[in-house]
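*Asks:* Starting off with a structure, shown below.
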Amino acid sequence: MTPVIQIADIANYDGQTVTIRGWLYNSTHKGKLIFLQIRDGTGIVQCVLFQREAPPEIFEAALNLTQESSLTVTGLARADERAPGIPGKFEIGVKDLHVIQLAEPYPIQPKEHGIEFLMDHRHLWVRSSRQWAILRVRATIIKTIRDWLDAHGYLLVDTPIISPAAGEETTTLFGIDYFGAQAYLAQTGQLYNEANIAAFGKVYCFGPTFRAEKSKTRRHLSEFWMCEPEMAFFTLEDLMAMEEAFISYIIQTTLQERREELEMIGRDVTRLQNVTPPFPRISYDDALDLLKQRREETDDPEQKALLEMTWGTDFGSPHETAIAESFDKPVFVYHYPSAAKAFYMTPVEGRPEVCRSVDLLAPEGYGEITGGSERIFDVELLEQRVAEIGLPREAYAWYLDLRRFGGVPHAGFGLGLERMVAWVCGLSHIREAVPYPRTLTRLYP
Ligand code: 4AD
Ligand code: MG
């Protein structure tokens, strides 16, 4: 029996007859010679047919193959230094070929297409080698995230997607009808994590989260994946130390395990190699001074205007980019104005207008990668915040309970998966970092 193999494993079959099953990525023929580039999901291999060696009906079938037709090919696997492909350096001398489905004219051609066209054909575009590479990097980032947390005593505890109340800003809620009652898609799993730490100490949730973001930016999706660690007894300083170890591990491991894919994407990884602890830390106030300095340095009036900033507001992308570009590593910005952040963040003692929060800003214009804080654990203060913000108290009764039955200081953060993928892959827009993006203007396919 001829072994059915995966292209990724072809080096183990040098000199043997093998069968592969997949799709025709590309083909070229030069007179009596046909080259088929066949992919099977694990790689791409060059398959060669000589007219004088191949049975005529097989040669004919190969000649008539259309792009993305599905097929099986049996032939001799042999090493060839020049053979293109992934992993490459091997080709298959075709002995037999069976067409499963002859594809109709394929909409995606090796020429340039506009992004909207490609996104309309996302269900087919994921087969293209660049998209294939990005989504493999994504899978590895997910795995490294879980590996690190699992190895460091964090328990994965899932949190609900259908929620009775807001977890973040009430302006970005997706409402749903829940058997006649008002419910929302989860913006975060954090509030449930805060319950779970009293049961498990250190936990994380990792799932899809939803924001009705009305802005069209290259950093926002309406559905994105977030990994949220939450830790009992952690301070803001503990949080930063943990984050820098965690993020560095994710980056360095992904660089090792997905070197080929990052090369395919054309990512210059020099600056990523630099992502090792410790990361610089600056306060929000110092970040504002830094922006002022950048404004003074530039002669470009447009840039000057973009970097304008008043104390009390959160940063926009131009601010984040300018701050991050002042450092050679990701930078922690801590102690944001309380008014610009979520209701649950602990005010700084003696200066309640700022809170014990920290965002991690990535270099190269990727902006806020994580957002986190120490959480208010004093029941009266939290009651007061819930009232101030105008949140319905009944919906938060259980959350307030946590401060009544063994409340402890605690902290946590959320890591935006697609922001991380976009950064690691060097993507100009976050929509390529997720298999099927959901944005203000896209719900198809
Ligand atoms: O800063 P955010 O809104 O924080 C929270 O939701 C907290 N409850 C997390 C926590 O403390 N457990 O979101 C966290 C991260 C951001 O830093 C960003 O990376 C990503 O989630 N993010 C988005 N990514 C893509 N599209 C959006 N619309 C995003 N909004 C936030
Ligand atoms: Mg944030």
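Going by this note's numbering, the sequence shown opens with residue 155, and the numbers climb by one from there. Even for Gly, the Cβ is constructed at its ideal location relative to N, Cα and C.
Strictly by DSSP, which residues pair up with residue 183?
*Replies:* Walking along the sequence shown from the start, residue 183 turns up at place 29. Paired residue(s): 188.
*Asks:* Three-state secondary structure (DSSP) at residue 463?
*Replies:* For the purposes of this step, residue 463 is identified with residue 309 of the sequence shown, where counting begins at 1. Coil at residue 463, not helix or strand.
*Asks:* Determine the extent of the beta strand (DSSP E) in which residue 233 is found, giving its start and end residues.
*Replies:* Position 79 of the sequence shown, counting from 1, holds the residue named residue 233. Residues 224-233.
*Asks:* Verify whether the separation of the beta carbon atoms of residue 227 and residue 416 is less than 9 Å.
*Replies:* Looking up residue 227 in the sequence shown gives position 73. Looking up residue 416 in the sequence shown gives position 262. In this structure, residue 416 does not lie closer than 9 Å to residue 227 by Cβ.
*Asks:* Quick check on DSSP: helix, strand or coil for residue 252?
*Replies:* Indexing the sequence shown from 1 puts residue 252 at position 98. In this structure, residue 252 counts as strand in the three-state DSSP scheme.
*Asks:* Identify, in the order they occur along the chain, each residue of the same chain with its Cβ nearer than 7 Å to the Cβ of residue 354, setting aside the five sequence neighbours on each side.
*Replies:* In the sequence shown, residue 354 corresponds to position 200, counting from 1. So the list reads 309, 311, once near-sequence residues are dropped.
*Asks:* How far does the alpha helix (DSSP H) with residue 472 in it extend, from its first residue to its last?
*Replies:* What you label residue 472 is simply residue 318 of the sequence shown in a count that begins at 1. Per DSSP, residue 472 belongs to the alpha helix (DSSP H) from 471-478.
*Asks:* Less than 8 Å between the CB of residue 451 and some heavy atom of ligand 2, yes or no?
*Replies:* Taking the sequence shown and counting its residues from 1, the one referred to as residue 451 is at position 297. No.
*Asks:* Thinking residue 566 and residue 344 are a contact (beta carbons under 8 Å), I'd like their distance in whole angstroms, please.
*Replies:* Within the sequence shown, the letter at position 412 stands for residue 566. Within the sequence shown, the letter at position 190 stands for residue 344. Going by Cβ atoms, the distance from residue 566 to residue 344 rounds to 6 Å, so yes, they are a contact pair.
*Asks:* What residues in its chain sit with their C-beta under 6 Å from that of residue 182, if we drop five residues either side in the sequence?
*Replies:* Working through the sequence shown from its first residue, we reach residue 182 at position 28. Cβ within range, chain order: 189.
*Asks:* Which partner residues does residue 511 have in the DSSP bridge list?
*Replies:* Here residue 511 refers to the residue found at position 357 of the sequence shown. Bridge partners of residue 511: 527.
*Asks:* Quick check on this structure: which residue in 169, 318, 180 has the alpha carbon closest to the alpha carbon of residue 265?
*Replies:* One-based indexing of the sequence shown puts residue 265 at position 111. Residue 180 is the option with its Cα nearest to residue 265.
*Asks:* Start and end of the alpha helix (DSSP H) containing residue 576?
*Replies:* As a first step, residue 576 is located in the sequence shown; it is residue number 422 there, counting from the start. Per DSSP, residue 576 belongs to the alpha helix (DSSP H) from 571-579.
*Asks:* Tell me whether residue 566, by its Cβ, gets closer than 8 Å to a heavy atom of ligand 2.
*Replies:* Taking the first residue of the sequence shown as position 1, residue 566 is located at position 412. No, the Cβ of residue 566 stays beyond 8 Å of every heavy atom of ligand 2.
*Asks:* Just curious, the alpha helix (DSSP H) that residue 488 is in, first and last residue?
*Replies:* For the purposes of this step, residue 488 is identified with residue 334 of the sequence shown, where counting begins at 1. Residue 488 -> not in any alpha helix (DSSP H); beta strand (DSSP E) instead, spanning 485-488.
*Asks:* Kindly list the residues whose CB is nearer than 8 Å to the CB of residue 560, restricted to its own chain and excluding five residues on each side of it in sequence; keep chain order.
*Replies:* Taking the first residue of the sequence shown as 1, we reach residue 560 at position 406. For residue 560, where only same-chain residues beyond five positions count, the Cβ hits under 8 Å are 352.
*Asks:* Can you tell me which of 398, 333, 368 puts its alpha carbon nearest to the alpha carbon of residue 323?
*Replies:* In the sequence shown, residue 323 corresponds to position 169, counting from 1. Among 398, 333, 368, the Cα nearest to that of residue 323 belongs to 368.
*Asks:* If you reduce the DSSP assignment to three classes, tell me which class residue 331 lands in.
*Replies:* Working through the sequence shown from its first residue, we reach residue 331 at position 177. Correct three-state label for residue 331: strand.
*Asks:* Counting C-beta neighbours from all protein chains within 10 Å, is the total for residue 302 16 or more, i.e. buried, or is it exposed?
*Replies:* For the purposes of this step, residue 302 is taken as the residue at position 148 of the sequence shown. Burial call: buried.
*Asks:* Excluding the 5 residues preceding and the 5 following residue 329 in the sequence, name in chain order all residues of the same chain whose CB lies nearer than 7 Å to its CB.
*Replies:* Counting from 1 along the sequence shown, the entry for residue 329 is found at position 175. Excluding positions up to five away in sequence, the list reads 336, 338.
*Asks:* Buried or exposed for residue 598, going by 16 or more other Cβ atoms inside 10 Å?
*Replies:* Reading the sequence shown from its first residue, position 444 is the one you call residue 598. Exposed, because fewer than 16 other Cβ atoms sit within 10 Å of the Cβ of residue 598.
*Asks:* Spatial neighbours of residue 213 within its chain, please: C-beta separation below 8 Å, excluding the five flanking residues on both sides.
*Replies:* Counting from 1 along the sequence shown, the entry for residue 213 is found at position 59. Only 188, 203, 205 meet the Cβ criterion.
*Asks:* Which residues share a DSSP beta bridge with residue 198?
*Replies:* Locating residue 198 in the sequence shown gives position 44, counting from the first residue. Answer is 193, 240, bridged to residue 198.
*Asks:* Give me the residue from 466, 160, 522 with the minimum Cα distance to residue 476.
*Replies:* Working through the sequence shown from its first residue, we reach residue 476 at position 322. Ranking the options by Cα distance to residue 476, first place goes to 522.
*Asks:* Which runs of the beta strand (DSSP E) spanning at least 3 residues fall entirely within the segment 351-434, listed in chain order?
*Replies:* Complete beta strand (DSSP E) runs here, min 3: 356-364, 377-386.
*Asks:* Taking residue 303 as part of the alpha helix (DSSP H), name the residues at either end of that continuous run.
*Replies:* Your numbering for residue 303 matches position 149 in the sequence shown. Note, residue 303: alpha helix (DSSP H), 283-305.
*Asks:* Does the separation of the CB atoms of residue 481 and residue 434 fall below 9 Å?
*Replies:* What you label residue 481 is simply residue 327 of the sequence shown in a count that begins at 1. What you label residue 434 is simply residue 280 of the sequence shown in a count that begins at 1. Contact flag set, yes.
*Asks:* What residue does the alpha helix (DSSP H) around residue 213 start on, and which one ends it?
*Replies:* Along the sequence shown, one-based indexing puts residue 213 at 59. Taken as a continuous stretch (DSSP letters only), the alpha helix (DSSP H) holding residue 213 covers 210-218.
*Asks:* Kindly indicate the opening and closing residues of the alpha helix (DSSP H) around residue 271.
*Replies:* Within the sequence shown, numbered from 1, the residue matching residue 271 stands at position 117. 269-274 is the span of the alpha helix (DSSP H), which, as asked, contains residue 271.
*Asks:* Between residue 556 and residue 340, which are expected to be in contact by the criterion C-beta below 8 Å, what is the C-beta distance as a whole number of angstroms?
*Replies:* Reading the sequence shown from its first residue, position 402 is the one you call residue 556. Reading the sequence shown from its first residue, position 186 is the one you call residue 340. Rounded, the Cβ-Cβ distance is 18 Å, inconsistent with contact.
*Asks:* Please name the residue or residues paired with residue 177 in a DSSP beta bridge.
*Replies:* Taking the sequence shown and counting its residues from 1, one reaches residue 177 at position 23. Paired residues: 193, 224.
*Asks:* Do the CB positions of residue 375 and residue 578 come within less than 9 Å of each other?
*Replies:* Residue mapping note: residue 375 aligns to position 221 of the sequence shown, counting from 1. Residue mapping note: residue 578 aligns to position 424 of the sequence shown, counting from 1. Contact flag unset, no.
*Asks:* Please list the terminal residues of the continuous alpha helix (DSSP H) segment that includes residue 543.
*Replies:* Numbered from 1 along the sequence shown, position 389 holds the residue referred to as residue 543. Residue 543 -> alpha helix (DSSP H) spans 533-543.
*Asks:* Quick check: does the Cβ of residue 470 come within less than 8 Å of any heavy atom belonging to ligand 2?
*Replies:* Along the sequence shown, one-based indexing puts residue 470 at 316. Flag unset: Cβ of residue 470 not near ligand 2.
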